[in-house]
Amino acid sequence: MADGAGAAALTGSGAAAPTAAPATTAAPATTAATGGAQICVNCQTANVADALFCEACGYDFTTGAMPRVVASASAAGAVPASPAAPEGSLAPAVPLEWVVEVWVDPDWYAEQESEETCPSPGLPVIVPLRVRSVLVGRVSKSRSIHPEVDCDGDIGVSRRQAQLTTDGTRWWIEDLQSSNGTYLGPDSGPLPTEPLPPGQRRELAEGDRVYVGAWTRLVVRRATDEEKVAG
0 MADGAGAAAL
10 TGSGAAAPTA
20 APATTAAPAT
30 TAATGGAQIC
40 VNCQTANVAD
50 ALFCEACGYD
60 FTTGAMPRVV
70 ASASAAGAVP
80 ASPAAPEGSL
90 APAVPLEWVV
100 EVWVDPDWYA
110 EQESEETCPS
120 PGLPVIVPLR
130 VRSVLVGRVS
140 KSRSIHPEVD
150 CDGDIGVSRR
160 QAQLTTDGTR
170 WWIEDLQSSN
180 GTYLGPDSGP
190 LPTEPLPPGQ
200 RRELAEGDRV
210 YVGAWTRLVV
220 RRATDEEKVA
230 G
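Counting in numbering that gives the first Met the number 0, the sequence shown runs without a single skipped number right up to 230 at its last residue.
Here is the structure:
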């Protein structure tokens, strides 16, 4: 009778073995198909090739054991908690307190002696400044350049012309080794004639004007109440 019980136990174990085998072999098959990454059969998340557990759901690649529901819920609560802090801290980092006016300046255009036709000055374009670092330039889809301050109509502006940065109360301008230089001048007096040294930040005083390209003038200022509401 004891031998019979032992045989029955072996038979039960033997029946369980084929069930575990596919789970163990599934991971290598998926690894080969994805060029070195293990795809979790439970949640389809890509993991490193030598991972023992799925980082997303806890699936055991070695035994093929499915994650426990309680552990999965705990992990799900822990994973978003980590990125939530930086995302929350970035949003209010620079409230809508600042804007930059993008002007067409005929006086600056006259000094550049550009062959391009200067557009009509008109009203300035108001660009809200919502982040601490703002790229000034022109869009280039092929190079994945998408400046926050887009001077696309002025071909004298480099794709990555300059960087505006702030600590929340002050602003700096830095030339990014542009082709035609970045110039800084006061709100009155003669136009600047010497470009800023590339790679060196210069703090902006109230009313300062930044000149780039053939006709573009930038002025960073505090947003009006109407702009805060609209923005």
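Just so you know, even glycine gets a beta-carbon here, dropped at the ideal spot from N, CA and C.
Please read all numbers here as calculations on a predicted model, not as lab measurements.
According to DSSP, residues forming a beta bridge with residue i
i    : result
W107 : BP columns for W107 are empty, so no partner.
T215 : V103 and V211
A45  : I38
R220 : V98
E202 : W171
V124 : V101
Cβ-Cβ distance between residue i and residue j below 9 angstroms
i    : j    : result
P118 : V103 : yes
V218 : V156 : no
R131 : G184 : no
R216 : I172 : no
V182 : P196 : Going by the sequence as given, residue 182 is Tyr instead of Val. For Y182 and P196, no; Cβs fall outside 9 angstroms.
V101 : V124 : yes
R159 : G136 : yes
Q43  : F60  : no
L175 : G198 : yes
C39  : A45  : yes
Own chain partners of residue i with C-beta closer than 6 angstroms, once the 5 adjacent residues on each side are dropped
i    : result
Q111 : A213
E147 : V133 and L134
K227 : L95
S177 : S157 and Q160
S232 : Since the first residue shown for the chain is 0 and the last is 230, residue 232 is missing from the structure and cannot be characterised.
A7   : Residue placement at A7 cannot be trusted, given a pLDDT of 43 that sits under 50; the coordinates are not used to answer.
Close Cβ partners of residue i (< 8 angstroms) along its chain, the five nearest in sequence each way excluded
i    : result
P105 : C117, P120 and W214
R142 : R158
D224 : none
A229 : none
C150 : V101, V135, G136, R137, V156, Q160, V211, G212 and T215
Y108 : C117, A213 and W214
G152 : P118
Closest by C-alpha distance to residue i, when choosing among the options
i    : options                   : result
G180 : V209, I38 and A109        : V209
R221 : S143, T165 and S141       : T165
I154 : S187, K140, L122 and E115 : E115
V99  : N41, L122, S113 and Y108  : L122
G188 : H145, N41 and D207        : D207
R129 : W97, I144, C150 and E205  : W97
Neighbourhood of residue i by C-beta, 7 angstroms cutoff - its chain only, sequence neighbours within 5 removed
i    : result
P194 : D174, G180, T181 and Y182
I144 : G136, V138, R158 and R159
Note to self: Quick check for students: name the residue ranges of the alpha helix (DSSP H) that lie wholly in the stretch 127-187, counting only runs of 4 or more.
What the structure shows: If we require 4 residues or more, the stretch 127-187 turns out to have no alpha helix (DSSP H) run fully inside it.
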